[in-house]
Amino acid sequence: MTPPPSVLADRYGAPARSRRPLVVGLVVVLAVAGLAWLVWVIAFHGRPQVTSEMVGYDVQGEHAAAARFVVVRRSTDVSASCLLRAYAADHAVVGEATVPVGADRPTTASLSSTVRTERRATTVELVGCTAKGQRQPR
Numbered sequence: 008m009t010p011p012p013s014v015l016a017d018r019y020g021a022p023a024r025s026r027r028p029l030v031v032g033l034v035v036v037l038a039v040a041g042l043a044w045l046v047w048v049i050a051f052h053g054r055p056q057v058t059s060e061m062v063g064y065d066v067q068g069e070h071a072a073a074a075r076f077v078v079v080r081r082s083t084d085v086s087a088s089c090l091l092r093a094y095a096a097d098h099a100v101v102g103e104a105t106v107p108v109g110a111d112r113p114t115t116a117s118l119s120s121t122v123r124t125e126r127r128a129t130t131v132e133l134v135g136c137t138a139k140g141q142r143q144p145r
């Protein structure tokens with residue numbers, strides 16, 4: 008036989024209030040914040056003004072390296088600036104070049120540039136291209 012509820016409450020105390028509404032409310036707030044962050048990332052970072060891709064490079068001697076890359080801009084009104092970096096065998100930066108991409112070029116442009124180096128380079132990296140309002144090189 009089960010004792011009446013009043014006897015159990017006297018013996019063990021009143022049952023604790025459920026925290027379920029608090030937990031559900033907290034989960035809903037976090038879900039809304041996460042969704043808002045995702046929308047912000049997609050809206051402002053999902054479609055950059057300019058993107059770039061390295062095609063290849065060629066070390067041209069002790070003090071120069073040539074790089075070939077493709078730049079894609081959203082429109083011809085967008086001017087961009089691309090950064091190339093040359094590295095030596097010990098991973099030290101031995102040269103940099105900034106290549107402007109003006110409005111006179113088509114939206115998809117194949118470019119080449121020579122990076123002058125202080126000593127022999129082994130690798131050339133396209134750090135990326137930026138445009139006005141786009142700080143992150145792509």
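Residue numbers are given in the working numbering: position 69 of the sequence shown equals residue 76, and the series is strictly consecutive. From the three backbone atoms N, C-alpha and C, an ideal C-beta is built for every residue, glycine too.
**Prompt:** Sorted by chain position, which residues of the same chain lie with C-beta nearer than 8 angstroms to residue 136's C-beta, five sequence neighbours on each side aside?
**Reply:** Numbered from its first residue, the sequence shown carries residue 136 at position 129. Excluding positions up to five away in sequence, the list reads 57, 58, 59, 78, 87, 88, 89, 90, 108, 144 and 145.
**Asked** Could you check where the beta strand (DSSP E) with residue 108 kicks off and where it finishes?
**Response** Position 101 of the sequence shown holds residue 108. Note, residue 108: beta strand (DSSP E), 100-108.
**Item:** Sheet register partners of residue 94 (DSSP bridge)
**Value:** Along the sequence shown, read from residue 1 onward, the residue named residue 94 stands at position 87. Note: residue 94 sits in a beta bridge opposite 100 and 130.
**Integer-rounded CB distance, given that residue 124 should sit under 8 angstroms from residue 71** = Position 64 of the sequence shown, counting from 1, holds the residue named residue 71. Position 117 of the sequence shown, counting from 1, holds the residue named residue 124. Correct: roughly 6 angstroms between the Cβ atoms.
**Message:** Going by the DSSP bridge assignment, what does residue 64 pair with across the sheet?
**Reply:** Position 57 of the sequence shown holds residue 64. In the DSSP output, where bridge partners are listed per residue, residue 64 has 74.
**Request:** Have a look at residue 65 and residue 55 and give me their C-alpha separation to the nearest angstrom.
**Result:** Locating residue 65 in the sequence shown gives position 58, counting from the first residue. Locating residue 55 in the sequence shown gives position 48, counting from the first residue. Distance between the alpha carbons of residue 65 and residue 55 is about 29 angstroms.
**Asked** What whole-angstrom Cβ distance do residue 93 and residue 102 have, given they're in contact under 8 angstroms?
**Response** The residue labelled residue 93 in the question sits at position 86 within the sequence shown. The residue labelled residue 102 in the question sits at position 95 within the sequence shown. So it is a contact: roughly 4 angstroms between Cβ atoms.
**residue 104 and residue 127 closer than 8 angstroms at C-beta** = Stepping through the sequence shown from its first residue, residue 104 is reached at position 97. Stepping through the sequence shown from its first residue, residue 127 is reached at position 120. Their beta carbons are not under 8 angstroms apart, which means residue 104 does not touch residue 127 by this criterion.
**Asked** Out of curiosity, what's the CA-to-CA distance linking residue 139 and residue 63?
**Response** Stepping through the sequence shown from its first residue, residue 139 is reached at position 132. Stepping through the sequence shown from its first residue, residue 63 is reached at position 56. Those two C-alpha atoms are separated by around 26 angstroms.
**Request:** Name, in chain order, the residues that DSSP records as bridge partners for residue 35.
**Result:** Numbered from its first residue, the sequence shown carries residue 35 at position 28. Per DSSP, none; premise fails for residue 35.
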